[in-house]
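**Q** Residue numbers (numbering that gives the first Met the number 0), protein chains in the order written: chain A, 0 to 293; chain B, 0 to 304; chain C, 0 to 391. I'd like to ask some things about the structure below.
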Amino acid sequence: MNSTIPKPRLKISWQSMFTLLMFGFMYLPILIMAIYSLNSSRFSTAWEGFSFRWYQRLFSDVRIFEALKDSLTVAFSAVGISAVLGTMMAVGLAKFRFPGKGLYKGVSYLPLIIPDIAIAVATLVFFSSLFGVLTPIVQSLNAFLAKMGLLSLPLPSLSLGTVILAHVVFCLAYIAVIVSTRLTSLDPHLEEAALDLGATPLQAFIKVLLPELIPAILSGCLLAFILSMDDLLISGFTAGNGVNTLPMLIYSRVKTGISPDINALSVVLILASALLALTSEYIRYKGEQRRLNR
Amino acid sequence: MSTSTPSSPTLAEPLPTAPRGWHKLTRLIEPIVLLVPSGVWLLLLLVAPTLLILELSFIPGFRLGQPTGGYGIGNYLEIFRPIYFQVIWRSVLFAVGCTVTCMLLGFPVAYWIAVMAPPRWRNLLLVAFVLPLWTSSLLRAYAWITILRPSGSLNSLLSALHLPNQEWLNQTPAVYIGMAYSFLPYMVLILYASLEKLDKRLLEAASDLGATPQQTFWKVTVPQTLPGIAAGGLLVFITSLGEFVVPELLGGASSMTVSRLIYNQFLGATRNWGLGSSFSILMITGVSIAIALLLKYGDRDSALT
Amino acid sequence: MSSNQQNRFDRKSAHLPLPRFSPTRRRFLKTSAAIASGLALSNCARNLSNANTGSSPTGSPTDSATSASGKLYIYTWANYTDDELIKGFQEKTGIQVVADPFASNEIMMAKMQAGGGSAYSIIYPSDYTVIEMRESGMLTPLDHSRLQGLDTLKPKWQNPVYDRGNAHSIPAVWGTTGLIYDPQKVGKEIDGWSYIWDNRKSLTRQVTLIEDVREVMGATLRTLGYSYNTTNPDQIKKAYSKLVQIKPTIASFLTTGWEDQLASGDITISMVYSQDAIALIKEKPNLKYIVPKTGSSVWTDTMVIPKSAPNPDAAYAWMNYLLQPDVAAGLVERLGTATANQAAFDLLSPETQKDDRLFPTEAMLSKCEGVAPVPARITEVYDQYWTRLTSS
């Protein structure tokens, strides 16, 4: 489709063989999980016969799916917010000089360094002190609103929302780091040229800079998503009542041994997301073809 | 909150050239719009908790629910026990080993996906590579136990191939395998973001001018992707320094790491939050210095300061 | 007591103008000092929203999350409730139950103390955590006139060491710590810890121990004839020196995840909780679980009502429901957990009753102790040795 790009060489290079090997490395544990999720025994010591028993148990377990729903809600919201904020932050940091910039940059790296447990505990303490201050304010506001005959505001408390707030912090950091990396090696004159040609800064940003940044933003989002889906401590400490993310459920179940239904869940999750990725890629490809044929 | 207010009038601007006043205004507003929302977010939910940790680190023996004494540097003096040095040294060793392994394994993969694979398949390949991480890290670590245990899948395979069996589980090699497994996708993602925009014409030009593949790699590819290599290395180093589930589950009886030590201080038997905080501050300071050095020397030629 | 707490809270909130960013660093530090000292003085469970409506145990009608009188939030181990139990309870009382799991006592404690658990009316701490919670004033003394069936508890749990007279807690699930091994692989019956010391040359990386300093050190202390809960540093030191002798035999410290390695024969002996052993033996009957003859620990996971409980009425209803012999017996059959309820025990099948892994004999139990908290100074000593053990 593009003449300047050499035709993809399909000859077998060592890189492709190596990549294949690495794919094998990545999927080996998943394969193991898949095999033993079909084993009738609870333990993965030996093959004791084919069985769908763990899948049956999985699909009849409402709690797992509730936890999955919470996890996905947190991950999608946090990554969505962070994608916007993180990109803006990276662009802002690359573009402008201002006093305290070094500090700002340093702080943005902080979530990668601070031990999870320390930040989790400290965030909870922060939240509970904040709520201690906010509650009387909201209460008096509600009293006022009630007089006016208006709806009352909910009192601040830990919830799914607080988990999202806390997750945004580290998602933001990872996305910003990756986008900055990309920005560093970007031609700074592109945007200037667009501006010289009369584009407004926003137009220049959306039409020129953003397309260049998309791959970095996407890989940042992917990374943030993975981290958010796997976080135990920060979720555990900032979650409200009735909120359970998947890792919270898994870690608490492990106390009485892992049963293969969780392995079955992993397999289902991977298959589902693979299917999702394939479908979206297929739709994108079809759309592209239609555009080219027009 | 205020992100949309300044931008919507700009969008609605029909003229190809905006009036001068606008430019001045946007020049003022732009940094605010770009930097303030995330700044506020980080300030509230990151800087405030971190300062709390900093403060706790100066209260010797701070424990929840127990009266505490005044401020002091007792926690920091506590750190200088020989036993802790050993723990710190092991953690750094694990992190460095993991970073190097991930770099060696990840670069060819990222390169192949970003440069050599058919463009249409690139996104899909990348997603496929990180897909295994969708599952819980704990479960993956348990799966590695199944693979690496002396009578496990790996040794069955090795026996079938008439190769000598390996006893890696509960020893250092298992830690490297498990950690490399956990962080390889991160490395590949970051390297990909950097390699994807590698100017392929430069590669062609180099080979047209008679450069060997090795020369092209070292003189063209690597310099162009240096920011990605630095970022990937840094990210993997830092996150692997914070990892403690894998070393503990796969590394056997002598696998205490700094992160585990911190975890134990917060949620273990002693629950000495003061000491845990001072270890956290030590870790933050140490890594910050490493980053600062890297930014100073690694970022020299870029416009960033 | 209650007004005292109210005062504490007031003092704290007076110090807390805003935990946000004040212009000067000094002020921030002062502010967070207030947070920290508030944290140290009071347990923050009650400093959240419901503190303003009074921390009396009659609940907080204004708290939107918990106002529905028909809702009971439980904070528990993942496998201690199941849908049948929750459904049965709802049918009987009309109260809807939400059970949140925690992964460890310490996580639960930290969350409660840092102010994140104000909605829970029932918590399932382990015995030693009950002591800690009681000592930090987090528990409501139980009103025994509102509980039916306490008298049917086994004698050992009528007056447990961790909570005299069950003043603050009710036993829910209990078990022991012991050793699991494959008699065929070992070639003989093991009766205690001495086997490991006697055969330490041939057992290189063949043993896994529970990842808990007090359990591991406690078991070693017992082999020396000392108490699990000793506060004598010399005895602890002796135990450590003895433990170091078998360091080469320790493959790993695992509380869970040893099952595969043991069942496949890659590990010879594992130190485990009885509940995990029972689950594995169900699948692999060739394995054997023993309580070491030198004695071991017996643990109890209990039900308590925190001071901050918004719905204590529902909490009492829950406790009463679980004290019913048929309900408790049903849980034993379904979840494989041991009950401390004699009346429930009597309802079990003779086969289950005779299972001495689930219900050890009195002779076995007489040598067992519960793990009790020790002073912070001693905890530190334990922790130092643990760090040394796991890092050298």
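Just so you know, even glycine gets a beta-carbon here, dropped at the ideal spot from N, CA and C.
1. What is the DSSP secondary structure of LEU255(B), reduced to helix, strand or coil?
2. For the candidate residues ARG26(B), LEU45(B), SER287(B), LEU138(B), whose alpha-carbon lies nearest to that of PRO28(A)?
3. Could you work out which residues of chain A lie near ALA142(B), taking near to mean beta carbons separated by less than 7 Å?
4. For a cutoff of 8 Å on Cβ pairs, would you count LYS246(C) as touching chain B?
5. From this set, GLN170(B), GLU203(B), PRO30(B), ILE288(B), which residue's C-alpha is nearest GLU247(B)'s C-alpha?
6. If you follow the beta strand (DSSP E) that PRO100(C) is in, where does it begin and where does it stop?
7. With contact counted as at least three CB pairs below 8 Å, one residue from each stretch, are the region 168-183 of chain B and the region 209-218 of chain A in contact?
8. Pull up the distance between the alpha-carbon of ASN74(B) and that of GLY275(B), whole angstroms please.
9. Cα separation between VAL108(B) and MET247(A)?
10. For ARG139(B), which residues in chain A fall below 9 Å Cβ to Cβ?
11. How many angstroms separate the CA atom of LEU233(B) from the CA atom of HIS188(A)?
12. May I have the straight-line CA-CA distance separating LEU92(B) from ASN164(B), to the nearest angstrom?
13. Please determine, among LEU109(A), LEU92(A), GLU65(A), the residue with the shortest C-alpha to C-alpha distance to SER279(B).
14. Should PHE101(C) be flagged as near chain A, meaning a C-beta pair shorter than 8 Å?
15. Indicate whether the contact test is met: 3 or more Cβ pairs, each with one atom in the region 341-352 of chain C and one in the region 319-332 of chain C, closer than 8 Å.
16. What residues from the region 210-222 of chain C come within 9 Å of chain B, judged by C-beta to C-beta, listed N to C?
17. Ignoring anything shorter than 4 residues, give me the alpha helix (DSSP H) runs that lie fully in the region 5-78 of chain A, in order along the chain.
18. Can you name, in chain order, every residue of its own chain whose Cβ lies under 8 Å from the Cβ of GLN205(C), other than the five neighbours on each side?
19. Compare the C-beta of PHE128(B) with all C-beta atoms of chain A and state if any pair is closer than 8 Å.
20. Under 7 Å Cβ to Cβ from VAL219(B), same chain only, skipping five residues before and after it: list those, please.
21. Which stretch, first to last residue, makes up the alpha helix (DSSP H) that contains TRP143(B)?
22. Establish whether the CB of ASN262(A) and some CB of chain C are separated by less than 8 Å.
23. Using beta-carbon positions only, say whether LEU30(A) and PHE49(A) come within less than 8 Å of one another.
24. Assuming GLY120(C) contacts ASN310(C) (C-beta within less than 8 Å), just tell me the rounded distance between them.
25. Any Cβ of chain B within less than 8 Å of the Cβ of ASP229(A)?
26. Can you find a C-beta in chain A that's less than 8 Å from the C-beta of SER287(B)?
27. Bridge partners for ILE268(C) per DSSP, in chain order?
28. Can you tell me whether VAL61(A) is buried or exposed, with buried defined as 16 or more other CB within 10 angstroms of its CB?
29. With PHE84(B) as the anchor, note down where its alpha helix (DSSP H) starts and where it stops.
30. Return helix, strand or coil for ILE72(B), following the three-state DSSP convention.
31. So, with DSSP's three-state summary, where would you put TRP156(C)?
32. With contact counted as at least three CB pairs below 8 Å, one residue from each stretch, are the region 138-158 of chain A and the region 92-109 of chain A in contact?
33. Whole angstroms is fine: what's the gap from GLY174(C)'s alpha carbon to TYR272(C)'s?
34. Tell me, which residues are paired with GLU368(C) by DSSP?
35. Show which residues of chain C have a CB atom less than 8 Å away from the CB atom of PRO149(B).
36. Count the other C-beta atoms from every protein chain shown that fall within 10 angstroms of the C-beta of ALA140(B), then say buried if there are 16 or more, exposed otherwise.
**A** This is what the structure gives:
1. Residue 255(B) is actually Met in this sequence, not Leu. Coil, per DSSP.
2. LEU138(B)
3. PRO28, ILE31, MET32
4. yes
5. GLN170(B)
6. 95-100
7. no
8. 9 Å
9. 33 Å
10. PRO28, ILE29, MET32, SER265
11. 28 Å
12. 26 Å
13. LEU109(A)
14. yes
15. yes
16. GLU210, ASP211, VAL212, ARG213
17. 13-36, 52-58
18. THR248, ALA250, ILE266, THR267, ILE268
19. yes
20. LEU201, LEU202, ALA205
21. 136-147
22. no
23. no
24. Before going further, note that residue 120(C) is Ser rather than Gly in the sequence given. The pair is a contact, with the Cβ atoms about 4 Å apart (cut-off 8 Å).
25. yes
26. yes
27. TYR180(C), VAL206(C)
28. exposed
29. 81-110
30. coil
31. helix
32. no
33. 7 Å
34. SER296(C)
35. ASP265
36. buried
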